[in-house]
Amino acid sequence: MVKLDSKIPEGHISEKWTNHKFNMKLINPANKRKYDVIVVGTGLAGASAAASLAELGYNVKAFTFHDSARRAHSISAQGGINAAKNYQNDGDSIYRLFYDTVKGGDFRAREANVYRLAEVSNNIIDQCVAQGVPFAREYGGLLDNRSFGGAQVSRTFYARGQTGQQLLLGAYSALSRQVGLGKVKMYSRREMLELVVVDGIARGIVCRNLVNGEIEKYSAHAVILATGGYSNVFFLSTNAMNCNTTAIWRAHKKGALFANPCFTQIHPTCLPVHGEGQSKLTLMSESLRNDGRIWVSKKKGDLREPNEIPEEERDYYLERKYPSFGNLSPRDISSRSAKEVFDEGRGAKGQEAVYLDFEDAIKRLGRKAIEEKYGNLFEIYETITGENPYNVPMKIYPAPHYTMGGLWVDYNLMSNIPGLFVLGEANFSDHGANRLGASALMQGLADGYFVIPYTIGNYLAADKPEKLSVDHTEFENVKKQTEDLTRKFISINGKQTVDDIHKRLGRIMWNKVGMSRNENGLKEAINEIRELREEFWKDVKVPGDDKDINQTLERAGRLADYLELAELMAVDALNRNESCGGHFREEYQTEEGEALRNDEEYTYVAAWEMEELGKWKLHKEDLQFEYVKLSTRSYK
Amino acid sequence: MGWLSEALGSSIGKKFVMAFTGIGLILFLIFHLVGNLTLYGGPEAFNGYVHTLDIVKPIIRVIEVGLGLVFIFHIYNGIKLWWENKKARPNDYKISGKSKNSTLFSRTMIQTGSIVFIFLVLHLATFWWLFNFSGEPHEKGDAYYAIVVEWFQIEWYAIFYVIAVILLGFHLNHGFQSAFQTFGWNHKKYFQFIQKFGTAFAVIMALGFASFPIYFLFFYGGN
Amino acid sequence: MSGKHLNLKLKIWRQSGPQTAGSFVDYQIEVSPDDSFLEMLDELNNKLESEGKEPIAFESDCREGICGTCGLVINGQPHGPIPKIATCQLHMRNFNNGDTIWIEPFRAKAFPVLKDLIVDRSGFDEIMNAGGFISVNTGGVPDANDILIPKEVASESMDAAACIGCGACVAACKNASAMLFVSAKVSQFALLPQGKPERFRRVEKMVKVMDDLGFGSCTNTYACEAECPKGISIRNIARMNREYFLAKVKSKELEV
Numbered sequence: 081m082v083k084l085d086s087k088i089p090e091g092h093i094s095e096k097w098t099n100h101k102f103n104m105k106l107i108n109p110a111n112k113r114k115y116d117v118i119v120v121g122t123g124l125a126g127a128s129a130a131a132s133l134a135e136l137g138y139n140v141k142a143f144t145f146h147d148s149a150r151r152a153h154s155i156s157a158q159g160g161i162n163a164a165k166n167y168q169n170d171g172d173s174i175y176r177l178f179y180d181t182v183k184g185g186d187f188r189a190r191e192a193n194v195y196r197l198a199e200v201s202n203n204i205i206d207q208c209v210a211q212g213v214p215f216a217r218e219y220g221g222l223l224d225n226r227s228f229g230g231a232q233v234s235r236t237f238y239a240r241g242q243t244g245q246q247l248l249l250g251a252y253s254a255l256s257r258q259v260g261l262g263k264v265k266m267y268s269r270r271e272m273l274e275l276v277v278v279d280g281i282a283r284g285i286v287c288r289n290l291v292n293g294e295i296e297k298y299s300a301h302a303v304i305l306a307t308g309g310y311s312n313v314f315f316l317s318t319n320a321m322n323c324n325t326t327a328i329w330r331a332h333k334k335g336a337l338f339a340n341p342c343f344t345q346i347h348p349t350c351l352p353v354h355g356e357g358q359s360k361l362t363l364m365s366e367s368l369r370n371d372g373r374i375w376v377s378k379k380k381g382d383l384r385e386p387n388e389i390p391e392e393e394r395d396y397y398l399e400r401k402y403p404s405f406g407n408l409s410p411r412d413i414s415s416r417s418a419k420e421v422f423d424e425g426r427g428a429k430g431q432e433a434v435y436l437d438f439e440d441a442i443k444r445l446g447r448k449a450i451e452e453k454y455g456n457l458f459e460i461y462e463t464i465t466g467e468n469p470y471n472v473p474m475k476i477y478p479a480p481h482y483t484m485g486g487l488w489v490d491y492n493l494m495s496n497i498p499g500l501f502v503l504g505e506a507n508f509s510d511h512g513a514n515r516l517g518a519s520a521l522m523q524g525l526a527d528g529y530f531v532i533p534y535t536i537g538n539y540l541a542a543d544k545p546e547k548l549s550v551d552h553t554e555f556e557n558v559k560k561q562t563e564d565l566t567r568k569f570i571s572i573n574g575k576q577t578v579d580d581i582h583k584r585l586g587r588i589m590w591n592k593v594g595m596s597r598n599e600n601g602l603k604e605a606i607n608e609i610r611e612l613r614e615e616f617w618k619d620v621k622v623p624g625d626d627k628d629i630n631q632t633l634e635r636a637g638r639l640a641d642y643l644e645l646a647e648l649m650a651v652d653a654l655n656r657n658e659s660c661g662g663h664f665r666e667e668y669q670t671e672e673g674e675a676l677r678n679d680e681e682y683t684y685v686a687a688w689e690m691e692e693l694g695k696w697k698l699h700k701e702d703l704q705f706e707y708v709k710l711s712t713r714s715y716k
Numbered sequence: 005m006g007w008l009s010e011a012l013g014s015s016i017g018k019k020f021v022m023a024f025t026g027i028g029l030i031l032f033l034i035f036h037l038v039g040n041l042t043l044y045g046g047p048e049a050f051n052g053y054v055h056t057l058d059i060v061k062p063i064i065r066v067i068e069v070g071l072g073l074v075f076i077f078h079i080y081n082g083i084k085l086w087w088e089n090k091k092a093r094p095n096d097y098k099i100s101g102k103s104k105n106s107t108l109f110s111r112t113m114i115q116t117g118s119i120v121f122i123f124l125v126l127h128l129a130t131f132w133w134l135f136n137f138s139g140e141p142h143e144k145g146d147a148y149y150a151i152v153v154e155w156f157q158i159e160w161y162a163i164f165y166v167i168a169v170i171l172l173g174f175h176l177n178h179g180f181q182s183a184f185q186t187f188g189w190n191h192k193k194y195f196q197f198i199q200k201f202g203t204a205f206a207v208i209m210a211l212g213f214a215s216f217p218i219y220f221l222f223f224y225g226g227n
Numbered sequence: 048m049s050g051k052h053l054n055l056k057l058k059i060w061r062q063s064g065p066q067t068a069g070s071f072v073d074y075q076i077e078v079s080p081d082d083s084f085l086e087m088l089d090e091l092n093n094k095l096e097s098e099g100k101e102p103i104a105f106e107s108d109c110r111e112g113i114c115g116t117c118g119l120v121i122n123g124q125p126h127g128p129i130p131k132i133a134t135c136q137l138h139m140r141n142f143n144n145g146d147t148i149w150i151e152p153f154r155a156k157a158f159p160v161l162k163d164l165i166v167d168r169s170g171f172d173e174i175m176n177a178g179g180f181i182s183v184n185t186g187g188v189p190d191a192n193d194i195l196i197p198k199e200v201a202s203e204s205m206d207a208a209a210c211i212g213c214g215a216c217v218a219a220c221k222n223a224s225a226m227l228f229v230s231a232k233v234s235q236f237a238l239l240p241q242g243k244p245e246r247f248r249r250v251e252k253m254v255k256v257m258d259d260l261g262f263g264s265c266t267n268t269y270a271c272e273a274e275c276p277k278g279i280s281i282r283n284i285a286r287m288n289r290e291y292f293l294a295k296v297k298s299k300e301l302e303v
């Protein structure tokens with residue numbers, strides 16, 4: 081019987097974390113080495129957690145499917161990381177960062193978690209600087225800040241356009257130090273395939289060694305999943321090729337609740353799809369919208385070159401619809417508007433794309449100024465598309481980018497399975513229905529550096545879990561099941577390739593569970609996903625051997641999980657009869673076409689328990705807003 | 005002193021030895037060329053120069069031993085580096101892209117160095133041995149100059165000499181700036197100048213030394 | 048979006064495992080000029096898979112040139128003919144119809160081939176484990192603005208820190224030397240005040256592990272800098288040399 085208890089501590093919001101830290105049980109330093117902790121994933125959350133726990137004295141086993149811990153997709157984050165330092169004297173505070181994040185998330189996040197996130201944001205910056213992260217500086221030697229969407233203060237710290245890289249390498253270097261000291265045992269090229277649960281408690285994991293194909297068993301006193309998001313369910317997304325849902329999905333199948341799976345963020349400024357061969361989408365920094373103007377032709381099916389379309393025949397639709405925010409409207413709104421004009425048949429040259437035009441900005445500021453601001457981005461654009469954005473307007477289109485949903489966790493970041501902790505993008509906790517820019521890095525590091533080191537100690541001290549031997553029958557069973565499943569993929573020997581099926585899944589998701597959703601579409605999607613899933617299990621083709629490097633086999637396993645998760649995403653979207661943040665239901669909008677929240681009925685976290693495949697039970701965690709008043713976002 | 009041998013035996017240490025000995029040899033080359041220029045002053049000037057060196061023979065001998073050691077270290081380390089570096093890539097690429105990312109000079113140090121070494125042996129066996137140990141020149145005061153003339157008028161010797169010093173120029177073109185890089189003296193503002201200076205130096209050395217056989221083979225009136 | 052399809056002949060290195068001998072296999076492919084190089088390989092693999100043949104094993108992840116996972120030697124050049132990009136950022140419009148393209152794995156003793164075009168670069172991690180960090184534990188650090196760092200120093204440190212650890216420097220160097228990679232990390236920390244306390248220990252340890260792993264030594268051909276997708280400068284190598292001499296001469300630790 082699953083019971084949701086968010087375990088939010090008592091007291092005023094600003095004292096909850098402090099009190100909680102004091103009330104938690106501690107483990108004496110000499111005893112910490114008696115505990116083993118498994119950390120799956122070595123992105124910002126995983127690497128920072130593994131390093132911090134090892135520093136405290138725990139024995140950590142860290143797992144990544146990459147060849148090195150440094151490759152996790154956190155590395156691709158460009159813009160920056162938020163913190164409430166108020167170095168700019170512009171009125172920032174922990175409370176304001178908390179407030180902005182709750183509001184930005186369209187009031188679907190847990191207040192206490194968000195407040196804690198804002199509270200530790202400052203420690204993150206201190207920690208990263210101490211580690212040698214070369215943040216941008218002013219001439220006087222102090223740290224520089226920039227501003228970002230959804231905030232009226234400058235609170236974003238950055239390292240050129242590579243903030244994610246620098247933060248990840250910082251966490252990776254801390255992790256490397258612990259590996260060198262022998263406190264972390266690093267298992268690279270291992271993919272977690274199962275969670276081992278005995279007596280309702282997480283005891284360890286089963287992995288596939290991606291080099292020799294062996295199925296390996298690992299046991300510990302606690303398991304931490306920090307395995308990122310699931311945007312690749314869309315096939316085309318800005319996520320890295322290997323990002324997948326397998327770890328959290330298989331944990332879900334072992335009883336962990338999956339929360340708000342339909343909350344996905346579609347980023348408005350990505351490069352459009354060039355053709356069938358497209359493997360993934362590339363994000364262009366949102367900062368481009370500061371000077372670029374977004375438009376399409378007023379005519380349907382206009383196939384003229386952009387430069388041949390006269391000014392009066394252009395529709396600057398964001399400026400028209402949202403005169404006060406214009407091209408700087410929030411991510412969800414900009415993305416949806418682009419889809420609308422494409423659906424009307426007005427996409428750039430008939431393609432799924434809109435123009436982002438710098439002609440006016442170049443006229444106004446001069447080419448040199450534009451070059452200084454965006455030269456680097458223009459180069460990237462030209463490398464990829466072969467077109468020069470100084471002469472021809474850029475083409476952009478929205479793409480799946482981040483998933484706010486994830487495994488349900490309580491205030492301690494522990495799932496409903498005792499001993500299973502979930503950090504970073506893999507959990508659902510802090511961003512509600514929409515994530516603000518520069519907040520993903522903040523959450524990953526907050527969870528890993530400053531939350532889990534405390535809360536895991538409390539679990540180990542209070543619950544006194546026992547570490548089982550990997551020879552335990554359940555480990556053996558799970559290993560056997562995993563081996564059977566792995567061989568099954570190869571034995572199907574059908575006709576369709578993994579990618580072909582994945583692309584079809586992606587199209588269903590993009591069209592019906594993407595930027596805007598409706599009841600009929602979602603119901604159709606559920607049926608289509610089920611059919612496709614059946615087709616997959618009958619007709620997929622996986623060549624090669626399971627006892628060898630077999631990348632097709634890896635992808636097949638991941639796709640099998642996506643084919644199940646996709647259904648739950650649609651189920652969740654169908655259940656949520658409101659529009660909020662990244663979730664837009666066409667039936668629930670204002671007359672002007674704006675998202676219409678239903679706070680009466682849906683101010684809850686939808687946490688799904690899988691009863692059997694295709695059948696989920698909904699558990700609701702009601703959200704209380706005591707400190708931020710529920711209000712409607714307006715960007716008119 | 006275990007730390008020292010460990011330091012010099014490391015990859016960076018070996019490079020340091022190469023650079024340090026290389027700079028020593030560069031200094032020697034400068035003195036050698038300047039001294040040799042007395043050949044253009046005729047027999048008296050050149051013989052006088054050699055006689056002067058004879059007077060301070062004990063000091064010269066000490067320097068020669070030092071120089072010999074420098075040569076040996078440079079050559080031994082160079083060969084060792086080359087051999088170890090070859091082992092670092094046991095299977096080479098089918099298609100070589102090297103010409104697109106590095107200069108010929110930098111890639112052929114072992115080849116140019118080897119030919120210069122062969123030349124060095126021959127050079128010592130001819131001039132240095134004859135000057136020092138044949139006994140003859142000391143009796144006849146002007147014989148040094150004559151020995152030089154005699155050898156440089158042997159065609160194969162002169163041609164080999166010219167080729168060898170051109171390759172020495174190749175070697176120096178890379179080696180000069182490389183030594184600075186190895187010592188860590190690479191600064192945004194100055195390194196380009198060092199590279200250009202190194203090239204100019206290499207050209208001057210090659211032309212300077214090559215001028216002697218060319219002069220005596222083609223332009224020397226004594227024939 | 049543009050242009051006619053290209054007909055290309057690919058000669059791709061296939062090797063079933065670390066112990067087996069490999070060879071080049073010929074493939075013919077028609078590809079859109081808008082495809083990236085890796086998308087071309089995806090398409091080829093998809094075709095092979097549908098025919099029940101084993102696809103070509105190669106690694107990639109972010110496909111934005113930042114994770115450092117991809118790395119192929121294309122016609123003799125790591126990451127291909129265009130400077131300052133990773134393999135994943137190379138697009139087919141840079142090739143001509145009818146071209147023959149040779150695709151090889153990174154080759155170095157310290158980077159053994161695991162399969163086809165996948166090599167084992169874990170040596171880089173071992174070097175990092177030896178000293179590629181600043182020894183601070185989580186918590187208990189000074190306020191970020193307590194440490195003043197001149198803008199140009201932070202910027203120079205960032206130039207070095209931009210390294211993506213792809214290994215192209217090793218692949219390009221005729222000696223398979225890892226000096227550019229190691230020196231980038233040494234430089235990043237040596238430049239910053241936070242990294243100064245253990246600068247000697249760091250460089251000594253990292254160089255020692257680098258040498259033990261069988262990477263060659265630097266002979267200043269600068270091929271690494273020319274092929275580096277992030278344009279990491281060889282000035283970092285100069286700085287590391289300097290750090291190393293100073294460490295050996297001044298450090299009071301006899302053994303590291």
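Protein chains in written order, with the numbering used here: chain P, 81 to 716; chain V, 5 to 227; chain S, 48 to 303.
Heads up, the beta-carbon is just placed ideally off N, CA and C, and yes, glycines get one too.
Predicted model, so just to flag it, every value in this text is computed and none were measured.
**Q.** Assigned exposure category for V:GLN196 - 16 Cβ within 10 Å defines buried
**A.** exposed
Q. Mapping DSSP to helix, strand and coil, what is P:PHE405?
A. coil
Q | Where P:VAL277 falls, given that 16 or more other Cβ within 10 Å makes a residue buried | A | buried
Q. Under the rule that 16 or more other beta-carbon atoms within 10 Å means buried, what is P:ILE460, buried or exposed?
A. buried
**Q.** Interface residues of the segment 213-234 of chain S facing chain V [CB-CB below 8 Å]
**A.** ALA219, LYS221, ASN222, ALA223, SER224, MET226
Q: Take every Cβ of the segment 124-136 of chain S, pair it with every Cβ of the segment 98-112 of chain S, and state whether three or more of those distances are shorter than 8 Å.
A: yes
Q. Relative to chain P, which residues along the segment 114-140 of chain S have a C-beta separation below 7 Å, given in chain order?
A. CYS114, GLY115, THR116, ILE132, GLN136, HIS138, ARG140
Q: Identify, in the order they occur along the chain, each residue of the same chain with its Cβ nearer than 6 Å to the Cβ of P:VAL489, setting aside the five sequence neighbours on each side.
A: SER495, VAL502, ASN507, SER509
Q.
Give me the residue from P:SER659, P:GLU666, P:PHE215 with the minimum Cα distance to P:GLY185.
A. P:SER659
Q.
Rounded to whole angstroms, what is the Cα-Cα separation between V:GLU154 and V:TYR224?
A. 11 Å
Q: Report the three-state DSSP secondary structure of V:GLY212 (helix, strand or coil).
A: helix
Q: Taking only runs that begin and end inside the segment 106-186 of chain P, name each unbroken beta strand (DSSP E) of 3 or more residues, in chain order.
A: 116-120, 139-143
Q. If the cut is a Cβ gap below 8 Å, which residues of chain P does S:GLN241 touch?
A. VAL209, ALA210, GLN211, GLY212
Q.
Which residue wins for smallest C-alpha separation from P:SER256, given the options S:GLU203, S:ARG249, S:VAL200, S:SER230?
A. S:ARG249
Q. Taking only beta-carbon atoms, is P:GLY624 less than 7 Å away from chain S?
A. yes
**Q.** Nearest residue (CA-CA) to P:HIS146, options P:LEU290, P:GLY229, P:ASN108
**A.** P:LEU290
(Q) Let me check one thing: in DSSP terms, what residues is V:GLN157 bridge-paired to? (A) According to DSSP, which records beta bridges pairwise, V:GLN157 is partnered with nothing at all.
Q: Confirm, please, whether the CB-CB distance from V:GLY101 to S:GLY115 is below 7 Å.
A: no
**Q.** Proximal chain S residues relative to V:MET113, where beta-carbon distance stays under 8 Å
**A.** THR266
Q: Would you check if the distance between the CB atom of P:THR632 and the CB atom of S:GLU90 is smaller than 7 Å?
A: no
Q. Mind checking if P:ALA130 is an interface residue toward chain S, Cβ cutoff 7 Å exclusive?
A. no
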